[in-house]
Structures are given as structure tokens and as C-alpha cells.
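Heads up, my numbering is the position in the sequence shown plus 4, with the first residue counted as 1. Idealized CB from N, CA, C, for every residue including glycine. These numbers come from a predicted model, not from an experiment. I have placed the structure first, in the form of C-alpha cells, so that the comments after it can refer back to it.
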Amino acid sequence: MSSEQNYDDLIAEHYRNVAEQEGSKSTSTMADIITREKETRAIVDFVGDSLRRRKVENNQGSAVIMDVGCGNGYTLEVLANKYPKEKFIGVEKTKELRELAISRFENEERVLIMEGDIRDSNFATDSIADTLICQRVLINLLDENDQKEALKNIVHAVKKPNTWQSGGTLLFLESFSSSLTKLNTAREEFDLPAIKPAHHNLYLQDNFFKIPELKEFVTDGCIVQPNFLSSHYYITRVLHPIFIKDKPVKRNSEFVNFFTYALQENVGDYSPVKLYVFERTEKA
Ligand SMILES: C[S@@+](CC[C@H](N)C(=O)[O-])C[C@H]1O[C@@H](n2cnc3c(N)ncnc32)[C@H](O)[C@@H]1O
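Okay, here's the thing in C-alpha cells:
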């Protein structure tokens, strides 16, 4: 861990408030209903593809699916319902969110929620995941070195390949600075002010996931493109503000609903949030 962790209090306070205000709702940490829906669908498909590959490789036992920074456990519940034969682990640092996740699974032995900080090298306390999900968590580490360290720790919590089986799979939904710049260029064309990352976020550089321990997870399944939220971001952050002029932006509006589903989803590079899927290599 880096010695400078003076952002911990800020993050803790932010998520304490989120837990208090949103409870167990799907809007916890993601107020935009369409973004949540699209992210959840992408995760469900990715887990499905990962499980299919395990089966092809004759891997019979239950898979361990780990959600790091699982928040109130919403995504884990969707996954546990969809994949009733698998085991799930949620790792969560914020006590208040962790408690919400624990209460969600009181009668479900297949789901374990544990305390953990992805900056710790053994944050998963020796559990090894077949499939790991990291949904908007690395951007909460407000120090680049912590982000890099956490990525290594996350990779080490995933199964290595062996002679008979491929490495475990990983899905990241994280925000990137270069796409925010693109979005702000689009806004500037209509004199809309630039959007800055939230105070509790540090966006990633484009090459962040280029490490030898990861290679692209190639599947003939239906995993969406990295820029699957691009059109939705253009609509919510450029088109909608143009139409409503000086009025405050209303989230989850009919206007956005209509255009998001009327248009192809992955046009351009306007969404800072992007999705990348990998499998673990034999390196290190
Ligand atoms: C944007 S929220 C996303 C929550 C969940 N993945 C979702 O999409 O609903 C980020 C989550 O990461 C957790 N978190 C932040 N820093 C963490 C750390 N160092 N280790 C583990 N979890 C962390 C927060 O408490 C929060 O639950």
C-alpha cells in the first residue's frame, strides 16, 4: 500500500452517505437506471460466457465468482439468481455497504460477503476466483500507484491457467480520462461546460490494463463492446442538455429513454465508463 492514503476518509464518508440514502436499491452508487441495466446485462453475459468455457474445458465443480467492491450486493444477487449452481464472494471495504450486502444473503449459503481492501495483497484471504468482477472500484483509489498495486492484487486473486484449463476471467467497468476529454469536446461544440470527474474518482489512463498477467478474453458469446455506453452518454450529457437549455438535467427521463433505445449503443467514445474483459495468463 502507498504511504499516502489521506483519501480514505473522503471515500468512507461518501459511501457511508450512499448506504444511508440508497439502502439496498439498484440505484446505490449508480443513479442512472439505464447505465445500471446495461452494466448488469453485460456482467451477466460475461459470467455466462466464462461458465460456458469452463464447461467446455470439462471443469465440473461450482465456479467461484468474486465481486470486488461489491457495494450493497445488488449485482451479486442478480448473478446468484441467474446462476444457481455457482458460488459467490463479495469483497467490500465500506462497513455500511457490506452490512447491506450481508443482510441480502442471510439465507443464501452460496454467497459469502467479506471485508477487504483491494490495496492489500491478500485482500481475498486466499480465496481464488474463477471469474472476477470489478465495477467502478479502481477509480475510487485516488492515487495512481494504489490503482496499479490493486490491479496486481486483483489479478492474483484469480485462477492461473494450467495444462488443461485456461486462466480465470476478469471484467472491469472503470472510467477513463481520454473518453471524458472526448465527451467534453462534444459538449464544447454547444458551449456546455466541461464535466470533471467526481471528487471521489481518479480516472484511468488508456494503457492501464496493459500488463503481462492479462490477455483479452475472446469469446463467441455476446459480450458488449468496451464503448457500449457511448451513445447513452452522448444523449445524457450532450443532446439532453441542449434540449432542456438552462433547466436542471432530469435523470432517467423519457427523452433519454427514447433516444438510448432508438439508437445503436456503441457510437463514438463518449462514455468515460468502459468495459474490458480479460483472462489471466501464466505470467507471475
Ligand atoms: C462505485 S461503487 C460500486 C459498487 C458496486 N460495484 C456497484 O457497481 O454497485 C465502489 C465500491 O467500491 C468500494 N471500495 C472503495 N475502495 C475500496 C477498496 N480499497 N477496497 C475494496 N472496496 C472498495 C466502495 O465502498 C464501493 O462499494
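Given a cut-off of 7 Å on the beta-carbon distance, is the pair Arg-136 and Met-70 in contact? Mapped onto the sequence shown, residue 136 falls at position 132. Mapped onto the sequence shown, residue 70 falls at position 66. Per the sequence shown, the amino acid found at residue 136 is Leu instead of Arg. In this structure, Met-70 lies closer than 7 Å to Leu-136 by Cβ.
Inter-residue spacing [alpha-carbon to alpha-carbon] between Pro-230 and Tyr-280: Within the sequence shown, the letter at position 226 stands for residue 230. Within the sequence shown, the letter at position 276 stands for residue 280. Pro-230 and Tyr-280: Cα-Cα distance of roughly 6 Å.
What is the DSSP secondary structure of Val-344, reduced to helix, strand or coil? In this structure the chain extends from 5 to 288, so residue 344 is not present and cannot be described.
Local conformation of Leu-104 per DSSP, three classes: For the purposes of this step, residue 104 is taken as the residue at position 100 of the sequence shown. Three-state result, Leu-104: helix.
Who are Met-118's beta bridge partners in DSSP? For the purposes of this step, residue 118 is taken as the residue at position 114 of the sequence shown. Beta-bridge pairing links Met-118 to Val-95.
Look up Tyr-295 in the DSSP assignment and say whether it is helix, strand or coil. Limits of the chain in this structure are 5 at one end and 288 at the other, which puts residue 295 out of reach.
To which residues of the same chain is Gly-272 closer than 6 Å at the C-beta, ignoring the five residues directly before and after it? As a first step, residue 272 must be located in the sequence shown, where it is residue number 268. If we look at Gly-272 and ignore the five residues flanking it on each side, its Cβ neighbours are Ser-234.
Ignore the nearest five residues each way along the sequence and tell me which others in Asp-53's own chain have a CB closer than 7 Å to its CB. Walking along the sequence shown from the start, residue 53 turns up at place 49. Closer than 7 Å at Cβ, skipping near neighbours: Thr-223, Gly-225 and Ile-227.
With a floor of 4 residues, list each alpha helix (DSSP H) that falls wholly inside the segment 32 to 64, ordered by position along the chain. 37 to 60
Closest Cα partner of Ser-207 within the set Val-277, Ser-125 and Asp-124: Locating residue 207 in the sequence shown gives position 203, where the first residue counts as 1. Residue 207 is actually Tyr in this sequence, not Ser. Here the closest residue by C-alpha is Val-277.
Rounded C-alpha distance that separates Met-118 from Lys-89: Taking the sequence shown and counting its residues from 1, one reaches residue 118 at position 114. Taking the sequence shown and counting its residues from 1, one reaches residue 89 at position 85. Approximately 20 Å, taken between the alpha carbons.
Would you kindly report the start and end of the unbroken alpha helix (DSSP H) that includes Ser-181? In the sequence shown, counting from the first residue as 1, residue 181 sits at position 177. First-last of the alpha helix (DSSP H) with Ser-181: 181 to 192.
Would you check if there are 3 or more beta carbon pairs closer than 8 Å linking the segment 255 to 270 to the segment 192 to 211? no
Report yes if the C-beta of Asn-144 is less than 6 Å from at least one heavy atom of ligand 1; otherwise report no. For the purposes of this step, residue 144 is taken as the residue at position 140 of the sequence shown. Result yes, Cβ under 6 Å from ligand 1.
Pop quiz: Arg-114 and Phe-92 are said to be a contact at Cβ under 8 Å. What is the actual Cβ separation, rounded to whole angstroms? Taking the sequence shown and counting its residues from 1, the one referred to as residue 114 is at position 110. Taking the sequence shown and counting its residues from 1, the one referred to as residue 92 is at position 88. Confirmed, Cβ separation roughly 6 Å.
Give me the residue from Ala-190, Ser-179, His-204 and Thr-189 with the minimum Cα distance to Asn-211. In the sequence shown, counting from the first residue as 1, residue 211 sits at position 207. That would be Ser-179, whose Cα lies nearest to the Cα of Asn-211.
In angstroms with no decimal places, state the Cα-to-Cα distance between Phe-213 and Val-159. In the sequence shown, residue 213 corresponds to position 209, counting from 1. In the sequence shown, residue 159 corresponds to position 155, counting from 1. Going from the Cα of Phe-213 to the Cα of Val-159 covers about 11 Å.
Taking the beta carbon of Gln-64 as the centre, do at least 16 other beta carbons fall within 10 Å, making it buried, or is it exposed? For the purposes of this step, residue 64 is taken as the residue at position 60 of the sequence shown. Result: exposed.
Reference Ser-275, options Ile-248, Asn-157 and Leu-184, closest by Cα: Residue numbering aside, residue 275 sits at position 271 when the sequence shown is read from its first letter. Considering only alpha carbons, the answer is Leu-184.
Using a Cβ-Cβ cut-off of 6 Å (strictly less than) and excluding sequence neighbours within five positions of Asn-76, which residues of its own chain qualify? As a first step, residue 76 must be located in the sequence shown, where it is residue number 72. Taken in chain order, the residues that qualify are Ser-28, Ser-32, Leu-101, Leu-104 and Ala-105.
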